[in-house]
Structure formats: structure tokens, C-alpha cells
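Asker:
Residue numbers (our numbering): 1 to 129.
(1) Pick from 64, 99, 117 and 102: whose alpha carbon is nearest that of residue 88?
(2) Look up residue 121 in the DSSP assignment and say whether it is helix, strand or coil.
(3) Decide yes or no for the touch test of the stretch 93-109 against the stretch 24-42: beta carbon pairs closer than 8 Å, at least 3 of them.
(4) Can you say whether residue 42 is buried or exposed, counting buried as having 16 or more other CB atoms within 10 angstroms of its CB?
(5) Could you compute how far the alpha carbon of residue 78 sits from the alpha carbon of residue 108?
(6) Let's test the definition: count the other Cβ atoms within 10 Å of the Cβ of residue 23 and tell me whether it reaches 16, buried, or not, exposed.
(7) To the nearest angstrom, report how far apart residue 3 and residue 84 are at their CA atoms.
(8) Taking the DSSP output, what are the residues bridged to residue 64?
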């Protein structure tokens with residue numbers, strides 16, 4: 001199985017225990033197929049550090065980090081397709097996360113509902129077990 005880019009929504013639910021599907025993350029971690037990127041880290045680490053969890057922040061920084069290579073023309077194309085398909089509130093960070101998964105042939109694990117609908121026109125593999 002290829003690596004899985006785990007979105008911040010999954011990590012948050014995993015640590016809060018608010019979504020039973022988040023428990024799948026433990027298996028992915030045990031199998032060493034979890035990866036992240038700097039956008040996801042930027043969404044998570046400030047709150048983790050604010051809570052005084054510096055060891056947890058260090059653990060996040062030790063996860064395989066996939067470099068981000070933004071293709072702005074592709075981001076514009078993706079957002080145009082989103083708008084044409086009725087997805088009017090997709091943030092640029094989410095598009096960059098999706099582009100990062102596509103470029104690196106990763107599956108994306110997210111609880112954000114829009115990620116589950118967009119793959120039909122963006123060729124993104126969504127982890128859905």
C-alpha cells in the first residue's frame with residue numbers, strides 16, 4: 001500500500017476521540033504509511049505547542065514530510081472546475097493538499113466532506129476504509 005497523506009481533520013478527531021473512523025489511523029501509523037506536508041503541520045503544530053505538548057509536536061515533525069510543489073496554473077484549473085461543479089467554498093490550502101497527494105500518487109485521508117466529492121473530477125485517491 002502506498003503512503004497516505006493524513007489531513008488535519010483526521011488527526012484532530014483522532015486525538016479528540018470524536019470519530020470512530022479516526023481509530024484507523026493507529027493501524028496506518030503501525031504500518032508506517034502515514035505522511036504529512038507543511039500545510040497540515042502548520043494547521044496542527046501551533047495548537048499542539050500552545051497546549052504544551054512539545055513532545056507530540058516533535059513526533060509530528062518526525063513523520064515523513066512530502067515536499068509541496070505548487071503548480072499555480074493547476075490550482076486555478078482545479079478551483080475553476082470546483083466552481084463549475086458547485087463547490088464554492090474550497091480553500092486554497094485544501095487544493096494544495098489535494099494537489100500534493102495527486103503529484104505524489106498518495107491516498108488522501110480526510111474527514112472534510114468536500115474531499116470525498118472532488119476526486120470524481122480531480123483524480124485524487126481518497127483513503128476510505
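Every residue gets a Cβ at the ideal spot worked out from N, C-alpha and C, and that includes glycine.
Answerer: Per the coordinate set shown:
(1) 117
(2) helix
(3) yes
(4) exposed
(5) 16 Å
(6) exposed
(7) 31 Å
(8) 35
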